[in-house]
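Here's the structure we're looking at; comments come further down.
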Amino acid sequence: MFETLLLNFMFILFPILIFLIFFENRAYAYNSKILVLLSAVTMCLCIAKPFKLDIGFIFDLRYVPFIIVALFGGYKNVLPLYIILNIYRFYVGGEGTLQSFIFATIILILVPLYSKKFLKLDSKGRVIAATVISFLTMGFYLSILSFAQGTSNREFWILTLNAFTTHVGVMIINMILIEKIITNIKNRDRIMQSERLNVVSELAASVSHEIRNPLTVTSGFLQLLNKSKTMTQEEKGFIELSLQELQRAEKIVSDYLSFAKPQSDNMVYSNMEAESEYTKNIIMPFATMHKVEVQFSFNNSLNKSYDRNQIQQCLINLYKNGIEAMKDTEGGTLFIDIFEKKQNIMISIKDNGVGMTKDEISRLGKPYYSTKAEGTGLGMLMVYSTIDKVKGSIEVDSEKGKGTTFLITIPT
Ligand code: ADP
Ligand code: MG
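As structure tokens, then:
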């Protein structure tokens, strides 16, 4: 019994180990097919080496990988597993083949129904949910068994206890390991992103400072020169032009390099109403130019302290990206929705533009990542940096060809 338990435990650990060794550092690039395949191997191994109780009953842990794949992967991923399970079960044959088939079908239909909700839970919630589901599954399985046998004697209760504890116990351990891996990957990504932002932030601060000074000095002298009486009208025109260009350069410096540290004279404690109104008005001409409609709603009474310029720039960057994503779409609409939810300021920016693949989403916010011919790839970097500074988080929901939603949560 103990050997079988160890052996089965090793089967269950097998996909986790393979994932950790080969795919962990490319978590975004891995193919879910590989995980499904590994789970299929685990499942078959579990069926091949079942627990044989002295009283003659047999049970195995095939439903542990099955349920986990059903919960994380939904119908699409668990279907191949279901097919493999049944082919293998038919191949083994013997008593209970039909029951196994019916039972697997019921799980196939019921468990993935819950997948979407499951994925929205937090780490702890997922462990608990998976445990409860494995508990219910085993309960269901054993009630069918007792019904079919027509008995519920002492032996049956021993079996029940054994099957329950093993199944549920292995499920808990397995889920804790999986969640731990997911948390580690997420933490590492967050640290890397934060590190990256720090470097850029510092660089931006010094560069923008260094460039702004000469710009100010030059523009000052040009203004003085402009007052000279000996200059011709044409020469004055040149100076006007130079001044305009200098102003533009200054604007670019402050726009693109504004992800420097928050500046104390820009800090406000407010509900973002002024900023969102201001940025909406700024973006309107740009939207009209690209034939995009803007639907705006503001409903927030929570206050937060933030750098006014940075928040404005951050919103503009997001709006611009949304509009740019829709410039080839007929009837594009940008939905901007700012509201409050449980002491959080929520900013939702939704477009029905080109959308992004998972891979593209994971590249967002990396310096100079841009798919546009004239893009800088600094916009999203600035967005992430600003939201990071107010301790907020950004959730990206996007589908290629359908559109993108950015949901920003800022705790107050
Ligand atoms: P840029 O806009 O200069 O390209 P950003 O940092 O603002 O740089 O955006 C980086 C990339 O992210 C864009 O080139 C685009 O591919 C992608 N992106 C950002 N927002 C969206 C969106 N709303 N819809 C589709 N793709 C987007
Ligand atoms: Mg942009």
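Residue numbers for the sequence shown follow numbering that gives the first Met the number 0, beginning at 0 and rising by one.
Cβ coordinates follow ideal geometry from the N, Cα and C atoms, glycine included.
No experiment lies behind these values; they were computed from the predicted model shown.
{"Asked": "Of all the CB atoms in chain B, is at least one closer than 7 Å to the CB of F338?", "Found": "Here there is only one protein chain, and chain B is not present."}
{"Asked": "If you draw a straight line from the alpha carbon of G93 to that of P49, how long is it in whole angstroms?", "Found": "14 Å"}
{"Asked": "Shorter than 6 Å, the distance from the beta carbon of A324 to the closest heavy atom of the ligand ADP, or not?", "Found": "yes"}
{"Asked": "How long is the line joining the alpha carbons of I190 and T332, rounded to whole angstroms?", "Found": "35 Å"}
{"Asked": "Using only CA atoms, which one of I322, T375, L363 and K365 lies nearest to G402?", "Found": "I322"}
{"Asked": "Given a cut-off of 7 Å, decide if M42 and P64 are closer than it, judged by their beta-carbon atoms.", "Found": "yes"}
{"Asked": "What residue range is occupied by the uninterrupted beta strand (DSSP E) comprising Y305?", "Found": "K303 to D306"}
{"Asked": "As a quick exercise: from T96, R61 and V35, pick the residue whose alpha carbon is nearest that of F71.", "Found": "V35"}
{"Asked": "Between T328 and the rest of its own chain, which residues show a CB-CB distance below 7 Å, the 5 nearest in sequence each way excluded?", "Found": "N351 and G352"}
{"Asked": "Determine the direct distance from the alpha carbon of V267 to that of S304, and round the result to whole angstroms.", "Found": "5 Å"}
{"Asked": "Let me check understanding here. Comparing Cα to Cα, which of W156, I177 and L80 lies closest to K123?", "Found": "I177"}
{"Asked": "Whole angstroms are fine: how far does the CA of L80 sit from the CA of L37?", "Found": "10 Å"}
{"Asked": "With 16 other CB atoms within 10 Å as the buried threshold, where does D387 fall?", "Found": "buried"}
{"Asked": "So what does DSSP say about N343, is it helix, strand or coil?", "Found": "strand"}
{"Asked": "Could you tell me if the beta carbon of K349 falls within a distance shorter than 6 Å of some heavy atom in the ligand MG?", "Found": "no"}
{"Asked": "Could you give the uninterrupted runs of the beta strand (DSSP E) lying entirely in the region 316-404, keeping only those of 3 residues or more?", "Found": "331-340, 343-350 and 392-398"}
{"Asked": "Identify the residues that DSSP records as bridge partners of I67: which are they?", "Found": "Partner(s): none; I67 has no beta bridge."}
{"Asked": "Considering only heavy atoms of the ligand MG, does any lie closer than 6 Å to the CB of G138?", "Found": "no"}
{"Asked": "I'd like to know if the region 357-367 and the region 376-394 are in contact, where contact means that at least 3 CB-CB pairs between them fall below 8 Å.", "Found": "yes"}
{"Asked": "Out of F102, R153, F155 and I157, state which residue places its alpha-carbon closest to the alpha-carbon of L414.", "Found": "Missing from the structure shown is residue 414; the chain here goes from 0 to 411 and no further."}
{"Asked": "Helix, strand or coil for P410? Go by DSSP, reduced to three states.", "Found": "strand"}
{"Asked": "Using the C-alpha atoms, what's the distance from Q192 back to A47?", "Found": "45 Å"}
{"Asked": "Quick check: what's the CA-CA separation for L84 versus S269?", "Found": "58 Å"}
{"Asked": "Given that a residue counts as buried once 16 or more other Cβ atoms are within 10 Å of its Cβ, and exposed if not, what is T104?", "Found": "exposed"}
{"Asked": "Secondary structure at K51, three-state DSSP: helix, strand or coil?", "Found": "strand"}
{"Asked": "Restricting to runs no shorter than 4 residues, where is the alpha helix (DSSP H) found entirely within the region 198-273?", "Found": "232-255"}
{"Asked": "For the ligand MG, is there a heavy atom less than 6 Å away from the beta-carbon of K365?", "Found": "no"}
{"Asked": "For L196 and I181, I'd like the C-alpha separation in whole angstroms.", "Found": "23 Å"}
{"Asked": "Buried or exposed: which applies to I82, given that a residue is buried once 16 or more other Cβ atoms fall within 10 Å of its Cβ?", "Found": "exposed"}
{"Asked": "Between which two residues does the alpha helix (DSSP H) carrying E94 extend?", "Found": "Per DSSP, E94 belongs to no alpha helix (DSSP H) and is neither H nor E."}
{"Asked": "Quick one, which of T229, I132 and G219 has its alpha-carbon nearest L242's?", "Found": "G219"}
{"Asked": "Please name the residue, chosen from F295, F89 and H289, that lies closest to K279 on a Cα-to-Cα basis.", "Found": "F295"}
{"Asked": "Determine the DSSP secondary structure at N7, reduced to helix, strand or coil.", "Found": "helix"}
{"Asked": "Just mark P284 as buried or exposed, buried being the case when its beta carbon has 16 or more other beta carbons within 10 Å.", "Found": "exposed"}
{"Asked": "Let me know the secondary structure DSSP gives F295 once reduced to three states.", "Found": "strand"}
{"Asked": "Can you tell which of T229, F237, L44 and I337 has the C-alpha that lies nearest to the C-alpha of M271?", "Found": "I337"}
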